[in-house]
Structures are given as structure tokens and as C-alpha cells.
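J.:
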Amino acid sequence: MKKLTGILAGGLALAVLSGCTTYRQAESYVTQPVVKNVKKGMTRQQVHQIAGTPSTDITMVHARGTCETYIIGKGTDNKPVTYFVSYNGSDRVMNYGFQSCQEYDTDPQAPQQ
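All letters in the sequence shown, in the order written, are residues -26 to -1, 1 to 87 by mature numbering (1 follows the signal peptide of the UniProt record, and there is no 0).
Below, the structure is given as C-alpha cells:
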């Protein structure tokens, strides 16, 4: 019985510690300038002053305007964590979030996979 209790306690401790690591990693993304400081209505120039040069810049096909993707870190799976900023025709921020421009600019009529 003591052995089972020890195993369960060890498993619980590992689960708690892994949760802390995930939280710290997510917290570090929120402190990135592009995530923390970019707001709707800003100009492209203001965003570049805050966030620097994006990794990609595309003209969207399904949504209006242009979009820039920033790589803000690596996930637990070692894949890049991306953050997009989209702009309207006047080069003002329309939207932003944790995905790439390619993921953001999808056809709303396309079947979901």
C-alpha cells in the first residue's frame, strides 16, 4: 500500500511540475513585444518599431488586406510558435493572434478537417 501511495504521489508531483513548465512557456510568449504591445488600429510602421521584421509578409486571398507572421519561440514539440498581424488597405492593424497568416487566411466556406 505504501509503495502504491508513493508511486501516485510521484506521478502527481510530475504532473504538477509539467503544468508549471507549460504555464511559464505560455507566459513567456505573452511578454513578447508583438503580443503585448500591438493593438488594433496601429500602423504597420508602429508594429515594425515594436516587433521588428516579420518572418513572412503575404497578401491574403480569403480575407482582405495583408498579413505578417512573426516567430516568437518554439513549442514543446520544438515547432515554431507563430503570431500573425493582419492589416487593412490603409495599413492599419485589423487582427492578430497565435497562428500563422496561412492559418488565418483560410476559406470560411471550406469543409473543416
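The C-beta atom is built at its ideal place from N, Cα and C for all residues, glycine as well.
Helix, strand or coil: how does DSSP classify residue 85 here?
T.: The answer is coil: DSSP assigns residue 85 none of H, G, I, E or B.
J.: To the nearest angstrom, how far is the alpha carbon of residue 6 from that of residue 85?
T.: Computed Cα separation, rounded: 34 Å.
J.: Just list the residues that DSSP pairs residue 67 with in beta bridges.
T.: Bridge partners of residue 67: 61.
J.: Pairs of beta-carbons, one from the segment 29 to 39 and one from the segment 76 to 85, closer than 8 Å: are there three or more?
T.: Enough Cβ pairs lie closer than 8 Å, so yes.
J.: Per DSSP, which residues does residue 31 bridge with? Please list them.
T.: Paired residues: 42.
J.: Could you tell me the boundaries of the alpha helix (DSSP H) in which residue 52 lies?
T.: Here residue 52 belongs to no alpha helix (DSSP H), and DSSP marks it neither H nor E.
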